[in-house]
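Just so it is clear: in the sequence shown, position 19 is 464 by the working numbering, and no numbers are missing.
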Amino acid sequence: MQRFLFIFSSTIVIGFICYVGMKYQMELREKSAIIFDMKPYITFASIFPIFIGLLLRLPKLIIEINDKKRWSFDWMKVIVIGIPSLYIAIIPLLAIVIGPNWLFTKTFLLLGDMSFTAIAGVIFGYVLLDSLKSNDTPARKVL
């Protein structure tokens, strides 16, 4: 029952943070359209999905931390999944800060939609916390 209440309350908190964050993002978009400065909107739209991904994995991580086991970090998962998804998530931010001459930057800017970068940000945030593993789990061999 205690685990159910923890997961249920975590879901409520994450849902509330998503609601407030999306509302703030819409306000930033409207304000950016009025003052013609897209930097605050694009910065928030690039970083907020990463934060959501971290929040989605946090309840399970807290449950795993309570087991009090030794921890390791799965670098392979971060390198193979995390780094490419981080790059996709911050492409709009890189285009503003550095310029649109980076790999795939022009392609994503021509799409004009932030949903693909938002999905990549959620994936990066989730993978970042999911890479923390306890050493007591049996290792899986790939070939």
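Beta carbons are placed, not taken as given, at the ideal position from N, Cα and C, and that holds for glycine.
Within the same chain, and ignoring the five residues on either side of THR562 in sequence, the residues whose Cβ sits closer than 7 Å to its Cβ are SER491, ILE533, ALA534, ILE536, PRO537 and PHE553. ILE568 is the residue among LEU473, LYS505 and ILE568 whose C-alpha sits nearest the C-alpha of PHE496. Setting aside the 5 residues that flank it on each side, MET559 is surrounded in the same chain by ALA490, each with a C-beta closer than 6 Å to its C-beta; the list follows chain order. Following the DSSP letters along the chain, one finds SER579 inside the beta strand (DSSP E) bounded by residues 577-579.
Contact between the segment 504-519 and the segment 571-581 is present: three or more C-beta pairs spanning the two stretches fall below 8 Å.
The Cβ-Cβ distance between ARG474 and TYR486 falls below 8 Å. Cα atoms of VAL572 and GLU509: separation of roughly 15 Å, rounded to the nearest angstrom. Closest in alpha carbon position to MET483, among LEU539, ILE507, ILE524 and ILE564, is LEU539. For PHE518, the enclosing beta strand (DSSP E) begins and ends at 516-518.
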